[in-house]
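Participant: Going line by line, the protein sequences match chains L and Y. If you're matching positions, the first sequence starts at 19 in the numbering used here and goes up one per residue. If you're matching positions, the second sequence starts at 14 in the numbering used here and goes up one per residue. Glycine included, each C-beta is placed from N, C-alpha and C at the ideal position.
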Amino acid sequence: MSLYVAAFGFGLVIAAVIAIAAVGFTMQFAVTNMLNLAYGQVMITSAFVAYAVNSAGVNIWICLLVAAVSGSILSVLLNRFLYAPFQRKGIPLVGMVIVSVAVSLVLSNILLAIAGPDNVSYLQSSGPTYSLGSFQLTAAEIGIIAISIVLMIGIHVILVYTRLGRAMRATAANASLARNSGVPTVRIVDIVWLITGGLCGVAGAVTSMNSGSFTVADGSSLIITVLAAAVVGGAGQPYGAMLGALIIGEVTSLSAAAISPEYEQVAAFGLLIAVLIFRPRGILARVGVGSSPK
Amino acid sequence: MSYYLVTIAVYFAVDAMACVALNLQFGVAGVINFGFILFQATGAYVAAVLSLPKDTAHNGFQQYVLGLHLPFPYPWLAAILVSGLLALPIGLVVLRRLRNDLQAISLIVTSVIATLIVTNSTPFLNGAAGVALVPAPFAGHMSPTGTPYEWLYIGVAFACAVLVLLFATRLTYSPYGRTLRAIRENEDAAGALGKHVYARKVVIFVVGGALGGLSGAVLVGYIGFWAPSAWLYPETIILVAAIIVGGRGNHLGAVLGALLVPLGFEEVTRFIPQFGTSGLTPAIEWVVIGSLILGFLWFRPRGVIPETRRVFGPTRDG
Numbered sequence: 019m020s021l022y023v024a025a026f027g028f029g030l031v032i033a034a035v036i037a038i039a040a041v042g043f044t045m046q047f048a049v050t051n052m053l054n055l056a057y058g059q060v061m062i063t064s065a066f067v068a069y070a071v072n073s074a075g076v077n078i079w080i081c082l083l084v085a086a087v088s089g090s091i092l093s094v095l096l097n098r099f100l101y102a103p104f105q106r107k108g109i110p111l112v113g114m115v116i117v118s119v120a121v122s123l124v125l126s127n128i129l130l131a132i133a134g135p136d137n138v139s140y141l142q143s144s145g146p147t148y149s150l151g152s153f154q155l156t157a158a159e160i161g162i163i164a165i166s167i168v169l170m171i172g173i174h175v176i177l178v179y180t181r182l183g184r185a186m187r188a189t190a191a192n193a194s195l196a197r198n199s200g201v202p203t204v205r206i207v208d209i210v211w212l213i214t215g216g217l218c219g220v221a222g223a224v225t226s227m228n229s230g231s232f233t234v235a236d237g238s239s240l241i242i243t244v245l246a247a248a249v250v251g252g253a254g255q256p257y258g259a260m261l262g263a264l265i266i267g268e269v270t271s272l273s274a275a276a277i278s279p280e281y282e283q284v285a286a287f288g289l290l291i292a293v294l295i296f297r298p299r300g301i302l303a304r305v306g307v308g309s310s311p312k
Numbered sequence: 014m015s016y017y018l019v020t021i022a023v024y025f026a027v028d029a030m031a032c033v034a035l036n037l038q039f040g041v042a043g044v045i046n047f048g049f050i051l052f053q054a055t056g057a058y059v060a061a062v063l064s065l066p067k068d069t070a071h072n073g074f075q076q077y078v079l080g081l082h083l084p085f086p087y088p089w090l091a092a093i094l095v096s097g098l099l100a101l102p103i104g105l106v107v108l109r110r111l112r113n114d115l116q117a118i119s120l121i122v123t124s125v126i127a128t129l130i131v132t133n134s135t136p137f138l139n140g141a142a143g144v145a146l147v148p149a150p151f152a153g154h155m156s157p158t159g160t161p162y163e164w165l166y167i168g169v170a171f172a173c174a175v176l177v178l179l180f181a182t183r184l185t186y187s188p189y190g191r192t193l194r195a196i197r198e199n200e201d202a203a204g205a206l207g208k209h210v211y212a213r214k215v216v217i218f219v220v221g222g223a224l225g226g227l228s229g230a231v232l233v234g235y236i237g238f239w240a241p242s243a244w245l246y247p248e249t250i251i252l253v254a255a256i257i258v259g260g261r262g263n264h265l266g267a268v269l270g271a272l273l274v275p276l277g278f279e280e281v282t283r284f285i286p287q288f289g290t291s292g293l294t295p296a297i298e299w300v301v302i303g304s305l306i307l308g309f310l311w312f313r314p315r316g317v318i319p320e321t322r323r324v325f326g327p328t329r330d331g
């Protein structure tokens, strides 16, 4: 039993990490209507930028900020110079998936050429361990969960209580109607890439903090976990992504404890496939709400 | 004839088959099968375990299921059949009511899950190490080493490729193929004209999967070895790149793409002197493949040999 309590604790940390990434991913999808498969590579690239700064002796928590900034810059550039021009050209949605796959190949291999294939890890101390029975977390893990909660609340406040958030939701619901109503949609889309890129960067760095060591090749498995969380909760819905992250985090962690760590990803993906079969619009989807079928 | 050139010839036949099969799905019907490599892998594994003897042979240094030690045509036919059968449930689930881009992504995920399962369950297909020592298919008729055998294998591989190409071309220009193109261009319109979009897509998914299985069987019969590292999901992206470069919807274009991208890149880079760290050349190779996809989509989205646009000509009686 204590094994499962401990696994539940690990699951919470994983969920906190995935939530940051999945909310960013799903907001990109909601506002720009494209599935950015290069997201995992932007995450890992930001993690490596943070690593470069961290190796120079800067504290890891400050490096998270660096990762956020680099994720933002990279995402805005990607959108400005690749995704937006291709979308203006009238490439269909599936074509955009191919574009983003190509981008992720280019990005990850440029990073590979620069950073090399080796495993690296941050200079960090995980601090004292706090335990409650067999439920135990290190100070660093509590820090990660706290960051995640603060970011989630921040996103909620922006989306619900600000003009910017309202403009974002309007653009997501119907971009041309929003534009006709005076919402500067091009600028809104840029801001969305800026914000979600920041989330993506932070997520990349905290994932790498949490997993101890990381390598360039991690980008492609990260994107699949993020996708799973976003789709399970309902693609394009930030609150769904938070719920999806919690589910995927706990499923991977508990199944690793129950079956074997090799199958933790299989369990999460199996869940994803089941959701795609039975509730293709996600657990939180309401009938008649959400993105249009085409 | 040197071993190297034979290898290139067999690889070309295999890549051409795979590209034509994927082109039927992606180019003609508009179904982006990002998990295509899974079906090639299935064909290869099926052909391998059916032609291998029981896994207790060779002192049991590898583990796998079956091991029926069947003679030549049966493992290949079974490879076609099983890959097609595997495509059926996947197609039924994925193609049903998902948006097109979500379909593409579900197929990537399926391919990744399959890799994870095969890698982690060693008794099934010998895990990450893969199955080796697959017998040469025509070893019963002549010695599997030496020039005559190599020519025979090239001949068989090319015959398979030509058959696949002819089959795909006939299918594409049949009324069924016309329906597929209509679905690709506008799914709703095709549905409104009474075409059963879902059924047509599932059928082409199964047909493409079966042809992919054949390509895997031909490949494993030659190299005699198959492991998860040979069918990671980026391999599908190479094939997609080949089709985009060659010309979507045009099977000759797909063959040309097979010649340019998988073959061209893997072989040309062999002659570039090694520089930098050991992983640098493959990394640059991938950057080029990614840039190739982006460049073609931007500058020449219809590929080197564009699909011929079919229009109704003026009828004789006006």
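Which residues, taken in chain order from the stretch 87-117 of chain Y, show a beta carbon closer than 9 Å to some beta carbon of chain L?
Facilitator: Listed in sequence order: Val106, Val107, Arg109, Arg110, Leu111, Arg112, Asn113, Asp114, Leu115, Gln116, Ala117.
Participant: Measuring straight from C-alpha to C-alpha, what distance separates Ala193 (chain L) and Leu81 (chain Y)?
Facilitator: Roughly 60 Å separates the two Cα atoms.
Participant: Cβ of Val84 (chain L) within 8 Å of Cβ of Val71 (chain L)?
Facilitator: Yes, these two residues count as a Cβ contact at 8 Å.
Participant: Looking only at its chain, what residues have a beta carbon closer than 7 Å to the beta carbon of Ile251 (chain Y), apart from the 5 residues adjacent to it on each side?
Facilitator: These residues qualify, in order along the chain: Val274, Pro275, Ile302.
Participant: So what does Tyr148 (chain L) bridge to, in DSSP terms?
Facilitator: BP columns for Tyr148 (chain L) point to L:Leu155.
Participant: Using 8 Å as the threshold, is the stretch 258-266 of chain Y in touch with the stretch 307-326 of chain Y, meaning 3 or more CB pairs across them?
Facilitator: In short, these stretches touch, since the Cβ pair count reaches three.
Participant: Compare the C-beta of Val215 (chain Y) with all C-beta atoms of chain L and state if any pair is closer than 8 Å.
Facilitator: Answer no: the Cβ-Cβ gap between Val215 (chain Y) and chain L never drops below 8 Å.
Participant: Going by beta carbon distance, what residues of the same chain come within less than 8 Å of Ser310 (chain L), once the five residues before and after it are set aside?
Facilitator: Low confidence applies to Ser310 (chain L): its pLDDT is 41, below 50, so where it sits in the model is not reliable, and the reading given next is rough at best. Nothing meets the Cβ criterion.
Participant: Would a C-beta distance cut-off of 8 Å place Leu227 (chain Y) and Ile103 (chain Y) closer than the cut-off?
Facilitator: Not in contact: Leu227 (chain Y) and Ile103 (chain Y) (Cβ atoms no closer than 8 Å).
Participant: Identify each residue in the stretch 80-104 of chain L for which the Cβ-Cβ distance to at least one residue of chain Y is less than 9 Å, and report them in chain order.
Facilitator: The stretch 80-104 of chain L vs chain Y, Cβ under 9 Å: Leu100, Pro103, Phe104.
Participant: Report back the beta-carbon spacing between Leu65 (chain Y) and Pro148 (chain Y) to the nearest angstrom; my notes put them in contact at under 8 Å.
Facilitator: Leu65 (chain Y) to Pro148 (chain Y), Cβ: 7 Å. Contact.
Participant: If we call anything under 8 Å between Cβ atoms a contact, is Pro298 (chain L) one with Arg322 (chain Y)?
Facilitator: Not closer than 8 Å, so no.
Participant: Which residues bound the alpha helix (DSSP H) around Glu280 (chain L)?
Facilitator: No alpha helix (DSSP H) holds Glu280 (chain L); DSSP gives it neither H nor E.
Participant: Taking the alpha carbon of Leu264 (chain L) as the point to measure from, which residue in L:Met170, L:Gln59, L:Ile295, L:Ser199 has its own alpha carbon closest?
Facilitator: Closest option to Leu264 (chain L), Cα to Cα, is L:Met170.
Participant: Start and end of the alpha helix (DSSP H) containing Val220 (chain Y)?
Facilitator: Looking at the DSSP string, the run of the alpha helix (DSSP H) that includes Val220 (chain Y) is 210-236.
Participant: When you compare the CB of Tyr281 (chain L) with every CB in chain Y, is at least one pair closer than 8 Å?
Facilitator: Yes, Tyr281 (chain L) counts as interfacial toward chain Y.
Participant: What residues from chain L crowd round Ala203 (chain Y), counting only those whose CB sits closer than 8 Å?
Facilitator: Residues of chain L passing the Cβ test: none, with the nearest at roughly 13 Å.
Participant: So if I threshold CB-CB distances at 9 Å, which residues from the stretch 167-182 of chain L count as touching chain Y?
Facilitator: Within the stretch 167-182 of chain L, no residue qualifies.
Participant: DSSP three-state call for Val76 (chain L): helix, strand or coil?
Facilitator: Of the three classes helix, strand and coil, the one that applies to Val76 (chain L) here is coil, per DSSP.
Participant: Can you list, in chain order, the residues of its chain with a C-beta nearer than 7 Å to that of Asn380 (chain Y)? Leave out the 5 residues immediately preceding and following it.
Facilitator: It is not possible to answer for residue 380 (chain Y), since the shown part of chain Y is limited to 14 through 331.
Participant: To the nearest angstrom, how far is the alpha carbon of Leu105 (chain Y) from that of Val216 (chain Y)?
Facilitator: In a straight line, the C-alpha of Leu105 (chain Y) is about 9 Å away from that of Val216 (chain Y).
Participant: Please classify Ser134 (chain Y): does DSSP put it in a helix, a strand, or coil?
Facilitator: It is coil, neither helix nor strand.
Participant: So which residues on chain L does Asn263 (chain Y) lean against when the C-beta distance must stay under 9 Å?
Facilitator: Simply none; closest approach about 17 Å.
Participant: Do three or more CB pairs link the stretch 274-294 of chain L to the stretch 235-246 of chain L at distances below 8 Å?
Facilitator: At 8 Å Cβ cutoff, the stretches touch.
Participant: Is the stretch 196-210 of chain L close to the stretch 156-171 of chain L, with three or more CB pairs under 8 Å?
Facilitator: They do not touch, by the three-pair rule.
Participant: Spatial neighbours of Leu82 (chain L) within its chain, please: CB distance less than 6 Å, with the 5 preceding and 5 following residues excluded, ordered by chain position.
Facilitator: So the list reads Val220, Ala223, once near-sequence residues are dropped.
Participant: In whole angstroms, what separates the C-alpha of Ala195 (chain Y) from that of Val220 (chain Y)?
Facilitator: Approximately 18 Å between the Cα atoms of the pair.
Participant: Just to confirm the assignment, what range does the alpha helix (DSSP H) spanning Met155 (chain Y) have?
Facilitator: Taken as a continuous stretch (DSSP letters only), Met155 (chain Y) belongs to no alpha helix (DSSP H), as it is neither H nor E.
Participant: Residues of chain Y with CB under 7 Å from Val60 (chain L), in chain order?
Facilitator: Ordered by position in chain Y, no residue passes the 7 Å Cβ test against Val60 (chain L), which lies about 15 Å from the chain.
Participant: Do Gly40 (chain Y) and Ser96 (chain Y) have their beta-carbon atoms positioned less than 8 Å apart in this structure?
Facilitator: Not a contact, by the Cβ cut-off of 8 Å.
Participant: So, do the stretch 46-53 of chain L and the stretch 168-185 of chain L have three or more beta carbon pairs nearer to each other than 8 Å?
Facilitator: Flag = no, the stretch 46-53 of chain L and the stretch 168-185 of chain L do not touch.
Participant: Mind checking if Leu130 (chain L) is an interface residue toward chain Y, Cβ cutoff 8 Å exclusive?
Facilitator: It does: the Cβ of Leu130 (chain L) has a partner Cβ on chain Y nearer than 8 Å.
Participant: May I ask you to report which of helix, strand or coil DSSP gives Val147 (chain Y)?
Facilitator: Residue state, collapsed to three classes: coil.
Participant: Tell me, to the nearest whole angstrom, how far the beta carbon of Gly42 (chain L) is from that of Leu217 (chain L); I am working on the premise that it is less than 8 Å.
Facilitator: Right, the Cβ-Cβ distance comes to about 3 Å (below 8 Å), so this counts as a contact.
Participant: Would you call the stretch 14-23 of chain Y in contact with the stretch 118-127 of chain Y, where contact means no fewer than 3 C-beta pairs closer than 8 Å?
Facilitator: No: the two stretches stay apart, fewer than three of their Cβ pairs being nearer than 8 Å.
Participant: Can you grab the Cα-Cα spacing for the pair Asp28 (chain Y) / Glu200 (chain Y), in whole Å?
Facilitator: Cα-Cα distance, rounded: 29 Å.
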